[in-house]
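The block underneath contains the structure these notes are about, expressed in C-alpha cells.
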Ligand SMILES: Cc1ncc(C[n+]2csc(CCOP(=O)(O)OP(=O)(O)O)c2C)c(N)n1
Ligand SMILES: Cc1ncc(C[n+]2csc(CCOP(=O)(O)OP(=O)(O)O)c2C)c(N)n1
Ligand SMILES: [Mg+2]
Ligand SMILES: [Mg+2]
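Here it is in C-alpha cells:
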C-alpha cells in the first residue's frame, strides 16, 4: 500500500474521531524523577509507615526530598543495591512501605535475584524506583542508560511495573504505587521531558489511557515516548491520518483489552518505548496480539545495542526515538494493513 | 472453526508432508546437564585456553567432569555468582575462554548487572552455563526453578542464548558455544528428559531445525519441550493434523526467517518453553510475527507464577507443560486460523 | 497520620485448587506423631532438657528426609543444637497459637536449604502438627524444599533459598523494629559458612553495623563444609571472626554443638549494645549420626531407609 | 593442543557510521596541546618530577571537564598522585606504541566514574593525543562518560561504571596471568572508598586471597567522600585496613597525596608474596583546587569556565 493509498483510506475515519479528545499541549519541561520525588513526599505525609532507603544518589533520584522532610524515616544504605532491596523486604515484611530508588541499571540488574526471590516470591510490599531510564540519560553513557528493565521486571511473577510519561503522571503513579499492595517497580528518567498531562488526567494502575482517538493506526507508548507519539499523531492528522495514542503507563499488569481493541479498531499498531526493542513494551503488545488478535506492529525502541555518551537529544535522534521515527513507523504500519 | 473443520482442512496438506522427515524416537533419558558437562570436556581437550570456574555446585552442573580432567584449568570461586562472572570476564579479556556454570536462577539473576556491563558491554568471550532450568527441577521448589532466564538474557545486546533440547544437542551446543566468539549463555536442566536427537542431527547457532514437517500449524519449541512438541505432533498426525515442529535451540540470535516461513506456510503457531509465558521464546516469536507476518500464536509456558516442590512429572502436568497441553494448543491455534 | 496496612499474613496461596498432601495414618503411627506434646520455650530448661529437644529435632529431620527422598541432611543435623537453644531456651519470644503475633521475635533462615531443621523445630514447638513434617518437598506441601512464604506455614517469616539474602532481610526487620517502630523485638538469622562468601552478607553486615542494630543476632553455622568440599578448599573463609569484627560486629565464637556454650552466647548477645552480634558457632555437619558426621558429602543427601533406621537408633 | 583465539582488540566499533568528534584548532591552541611531549615512565623520576606530572594530569582533568560540561571532578583530582606514581614511576609496564602488547601490565579502573583522571593519565603518557581529551562525553567520543571498551581507546582494558565490578575483572586477569598463563604480568585496580560498600568487592577480595594472587595490587582511594556525603555518614567503612587484613590481604596504608609515600607503597606491594595487596591511599577529594578540596559536593560536578580558570592557575 503506497502512502497515497494510506492517506485516502484513512480519510474515511477522520470525521468520526476528530476533535473528540482534548489536545495535549506541552506546558514546560520537567524530568519524571521530580514527580517521583514529590509523589514520595505526598505518601510520606499521608502514611507514617512509608519509609525510604538511599543508595548514595538521593539527589539524582530525588529521594532527597523525602530525606529532608522525613529524616527519621530515611535510611542510608550506602552503595549496596542488592542488599538495600533485601532490607526493603525486611521492612515490608514488618508492615512498612519501603521505597528504594537508584539508577534503573542497578535498580533492576544489581538486585535481580533479590527482586525475584525476596521481593516477588515473598509478595513483599516493596517499591523500587529505577531512575535514569533510557538513553536520554545523556553524557554518562551506556553503563548508566537503563534499557533493559521492562523485560527484566515484567518476567517476574507478582511484580507491578509502571512507566509514567511525564512529571505529573510520575507523581500520580508514585502515589498510586505506594497505596497499592505488592512488589512494584516504577521507572523514571533523568532529563527534562515535555510536561503535557494535567492534575486531572486520569491515571490508574493497570489501565491504558487513550490520549488521542483515531482508527487508522494506534501508537502504544510508555514513558516520554508518549509525547513523541502525540506529536507524531497531531502531525499526521494534518496529513489526514488519524492515529490513536495509548499511554500504556502500566506494563504489568497489562491492559490487554485496550491493546486488542486498538488492534481490532485500527488494524495497525506502533509501539514506542525508550528501551531495548527486545522483550519490552513492544514484546508485551506483540504477545497479546499474537494470542488474541494478530495485527502488524512496528517497534520503536533501541535496536538491541548499548547506548553511549552524547547530548540527550542527539542520542534520541541517533537511536531513532523521536516523533519523526514514530511518524515513519505509523506509515509503515498502515502500509502493512490488509 | 470447529475441530471437525480443522481436521478437514488439514487433510489437504497431509500428503505433501507425510513421511518426508525421519521420525524421532526416544532412545533413553538423560538430563541435558550431562551434555553440557561432556561438551565442556571436549572443549578442554581441543583448546588449552578453555578454563572453568566452579560455583560450589560443580557436581550438579557437571563442571565436575572438567575439574577432574583438567584440575589446572579449573578454579573454585566459592559461592560468588556475581564476582565469578567478573573473574570470567577478566579471564576472557586475557584471551581465555572461561565457562562459569551454576543454577540458572543465580547464573542469570545474581549477576545480571555483571552480565550486562562486564560481559555484554565488554563483548567479552565469557560462557555462562545456567543449570536447573524450569520447574522440572522438582523438589527443590520455586527458588531453584529458573523460569526467567530467556527474558533476562535475550534483552541484553551482544548476548547469544542457546537452549538445547536433549543430551546430544546439549553437548553439541556447548562445543559450538565454546568455539563461537562472544558472550554466551547456555541453559540446561537437572532432570532426565528424553534423548531423541543423534550425533549427526544438525545443530548450528542461530539456526532453527525442522524436526517434523507439516503445514497445518507449527510448534516452535526449545529445550525439553521440543520432545513434548514432537509427541504431540506425531499423535496429531494420527488425527490427520500435520504439524511442523521447529527446534528453536538458539533464542538469540533468533532465526527470524524460519519463524516467518512457519507462519506463512502454516498460518498458526504454538510456542512451547519451560519458562515464564512472558517475554520468553513465545515473546520472541510474537515480536517477529508482529513485525513481519502477523499470525495466531498459542503460548505454552508457566503462566506468570512461581513454581514449587513436587515430582518433576507432577509439576510439568500441573503447570501445563506436557505433550497433551501442546496438542490442545495446536488445536486452538488452528481454530484461530482465518 | 495514618498507617496504611494490607492484610498479608498468612498468604497460604499454595498451588491454587490443589489440596495439601497428607501422610498416611500408618506413617504417623510408625513415628508416634499422633500423641506428641510440644516442648515449651523457657529459660528454666536444663542443658540436658535442651539437648533432649535437639535430639528430638534431629530425629524429625531424619524422618522428614527419608520420607521426602531428597533434601539436606548435613547442615540441619549439625545446627539442631543452635535451634533447640534459640527456640526453647527462652531467647526468642513467640506464641505458637498466634504465630503472627505483633510482639514476636523473628527468625530468618538465610541458609534456606537448611529448612528441615527449622520445620522440625517449629513442629517440636507446636506451630503445626508433626505429621506435616512427612510432607516435606511433596507437591503443594507447606514444607517446600526451600522456605516459601506463599505457603503460609506458621513460623516462616520469609521465603529463602538463594544464599546470602536472608541476612539482609533480617537486617531490614531489625531496622524496622529498632529505628522505625522503636520496639524491643529481636531478630535472629542463621547463615551457613559457605554462604558467607556471598557479598550480600558483607553488605548486610556493614548496614547492620552502620545502623547499630543491637537487636540483630546472626549465627554462622561454622561446619567447615559446603557442597564441593571443605570450606577452606572451596573458598577460604578464615579468619571468620576477624572479618565480622572488622565489620564492627560483636563476635562470639563458641562450640555450636554445646548447649551450654550456645546459651552463654545467646545470653551475651542479648546484652550487647550499639552493635549487632555474630555468633560463630563451630559445629559438625551431620552431628549425631556417626556415618554423616563432618562429611561434606552429606550436605544435600537424604538417608536411605536403612540409613535412617540406624540414624534414629543413634539419635536418642 | 591448540589455543583458540579471536581478534578482540581494539574493538573501536563506536556508533556505527558516525564520525568521531574533533576539537577545534582554537581550543587546542588555547590549551597548548599541539606541541605537548608525553612524559616517560621511569623509576628514575624524582618525586618532584612525578608531582609535576600529577599536576599536569590535574590540569588536563580540569580542561576535560570544563569542555564536557558534565562529569566528575573530585575523585579524579584527588587520585592524580596515585596515577602519576603508578604510570610514570616505573611500576607499570606498558608500551604506548603498542598498547595491546601481550607483556603489558594492566590497570582496571573499578571506579569507572573517575575516568577523567585515567584519560588524562593515558594522554600524558602518549597513548593518544591530548586533543582527544577535549571530546570527553561527546557523541561518539572514545572518551565515554564511563569507560567503554567498545570505543577501543588505547589503555582502556575494560568497560566499567557500575561500581564494584572492576576489581573482580582485575582478579580474573591476575588469575589468568599467575595461574593459567604463568607469566609475571601484574594487574592494578583502583576503587573508590564509597565503592567498597558493594559486596562484590568482598567477594573479589576473598577470591584473590584464596588464589594467593600476589600479582594483584588494588588501591582504595580513601577520600572519605561519596555522593551523598562523608563516607562514614553514608555508610560506615572504617576500619578499612582491618577489613582487608581480615580478608587476607597485605594492607599498606599511606598518604595518597604524597608521591613519596605512594612510591614506597607500590614498591612494597611488588615484593609481597602469597597474598594480594591493598593500598589504602588517604586522599583529599578535589586535591589541588582550593575550593574543591575535601568537599563531597564536587564528586560529580564539572567546574564552570570561571572556576576552571582559577583551578588552572592553582594547579601549577
Ligand atoms: C545464591 C545461591 N547459590 C548457590 C546455591 C546452591 N547451594 C545451596 S547450599 C550451598 C552450599 C552452602 O554451604 P553452607 O552455607 O556451608 O551450608 P552447608 O553445606 O554447611 O549446609 C550451595 C552452593 C544457592 N542455594 N544459592
Ligand atoms: C553499582 C553502582 N551504583 C551506584 C552508582 C552511582 N555512583 C557513581 S559514583 C558513586 C559514589 C562513589 O563513591 P566513591 O567510590 O567514594 O567515589 P568518589 O565519590 O570518591 O569519587 C555512586 C553512588 C554506580 N555508578 N554504580
Ligand atoms: Mg557449611
Ligand atoms: Mg570516595
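Residue numbers (this note's numbering), protein chains in the order written: chain A, 50 to 387; chain B, 50 to 387; chain C, -17 to 298; chain D, -17 to 298.
For each residue, glycine too, the CB sits at the ideal point set by N, CA and C.
From a predicted model like this one, the values you see are computed outputs, not experimental measurements.
Could you pull out every residue in the same chain whose Cβ sits closer than 8 Å to the Cβ of residue i, ignoring the five residues on either side in sequence?
| i | result |
| --- | --- |
| residue 52 of chain B | Below a pLDDT of 50, predicted positions are generally treated as unreliable, and residue 52 of chain B, at 32, falls in that range; the measurement from the model is reported next regardless. Once the five neighbours on either side are set aside, the close Cβ partners of residue 52 of chain B are 380, 384. |
| residue 68 of chain B | Bear in mind that a pLDDT of 48 at residue 68 of chain B, under 50, signals an unreliable position, so the model cannot answer this. |
| residue 142 of chain A | 171, 173 |
| residue 434 of chain B | No answer is possible for residue 434 of chain B: the residues shown for chain B start at 50 and end at 387. |
Excluding the 5 residues preceding and the 5 following residue i in the sequence, name in chain order all residues of the same chain whose CB lies nearer than 6 Å to its CB.
| i | result |
| --- | --- |
| residue 256 of chain B | 304 |
| residue 68 of chain D | 74 |
| residue 187 of chain D | 229 |
| residue 281 of chain D | 56, 209 |
| residue 270 of chain A | 278, 321 |
| residue 299 of chain B | 211, 254, 255 |
| residue 84 of chain B | 216, 219, 220 |
| residue 167 of chain C | 87, 159 |
Less than 8 Å between the beta carbons of residue i and residue j, yes or no?
| i | j | result |
| --- | --- | --- |
| residue 89 of chain C | residue 170 of chain C | yes |
| residue 115 of chain D | residue 101 of chain D | yes |
| residue 207 of chain D | residue 56 of chain D | yes |
| residue 174 of chain C | residue 142 of chain C | no |
| residue 205 of chain C | residue 265 of chain C | yes |
| residue 17 of chain A | residue 184 of chain A | The first residue shown for chain A is 50 and the last is 387, placing residue 17 of chain A beyond what the model contains. |
| residue 26 of chain A | residue 216 of chain D | Lying outside 50 to 387, the shown extent of chain A, residue 26 of chain A is not represented and no answer is given. |
| residue 46 of chain B | residue 169 of chain A | Since the first residue of chain B shown is 50 and the last is 387, residue 46 of chain B is not available in this structure. |
| residue 292 of chain B | residue 306 of chain B | no |
| residue 138 of chain B | residue 151 of chain D | yes |
| residue 237 of chain B | residue 387 of chain B | no |
| residue 249 of chain D | residue 195 of chain D | no |
| residue 70 of chain A | residue 261 of chain A | yes |
| residue 223 of chain C | residue 263 of chain C | no |
| residue 122 of chain B | residue 153 of chain D | no |
| residue 162 of chain B | residue 144 of chain D | yes |
| residue 244 of chain D | residue 64 of chain D | yes |
| residue 185 of chain C | residue 179 of chain D | yes |
Of the residues the options, which one's Cα is nearest the Cα of residue i?
| i | options | result |
| --- | --- | --- |
| residue 202 of chain A | A/195, A/196, A/210 | A/210 |
| residue 368 of chain B | B/186, B/113, B/205, B/83 | B/186 |
| residue 315 of chain B | B/171, B/295, B/218, B/242 | B/295 |
| residue -1 of chain D | D/267, D/123, D/220 | D/123 |
| residue 23 of chain D | D/41, D/279, D/87, D/213 | D/87 |
| residue 370 of chain B | B/332, B/382, B/280, B/297 | B/280 |
| residue 284 of chain C | C/11, C/127, C/10, C/36 | C/127 |
| residue 76 of chain B | B/268, B/241, B/289 | B/241 |
| residue 288 of chain C | C/38, C/47, C/35, C/39 | C/47 |
Suppose the cutoff is 7 Å on Cβ atoms and the five residues either side in sequence are ignored; what does the same chain contact list for residue i look like?
| i | result |
| --- | --- |
| residue 312 of chain A | 318, 338, 342, 344 |
| residue 227 of chain B | 92, 99, 146, 176 |
| residue 64 of chain A | Any reading at residue 64 of chain A must be qualified, since the residue scores a pLDDT of 36, below 50, and its modelled position is unreliable; the value itself is stated next. Excluding residues within five positions, none has a Cβ falling inside 7 Å. |
| residue 138 of chain C | 129, 131 |
Original post:
When you check each C-beta in the stretch 115 to 146 of chain C against every C-beta of chain B, which residues fall closer than 9 Å?
Top reply: 118, 119, 120, 121, 122, 123, 125, 126, 127, 128, 129, 130, 132, 133, 141, 142, 143, 144, 145, 146
Original post:
If contact means a Cβ-Cβ distance below 9 Å, which residues of the stretch 204 to 224 of chain A contact chain B?
Top reply: 204, 205, 206, 207
Subject >> Within 7 Å of chain A by C-beta, residues of the stretch 320 to 346 of chain B in sequence order >> reply: 325, 327, 328, 331, 332, 335, 336, 338, 339, 340, 343, 344, 345, 346
**OP:** Would you list, in chain order, the members of the stretch 166 to 193 of chain D that have their beta-carbon closer than 8 Å to a beta-carbon of chain C?
**Re:** 179, 180, 181, 182, 183, 184, 185, 188, 189, 191, 192
Original post:
In chain order, what residues of the stretch 144 to 159 of chain A put their CB closer than 9 Å to some CB of chain C?
Top reply: 144, 145, 146, 147
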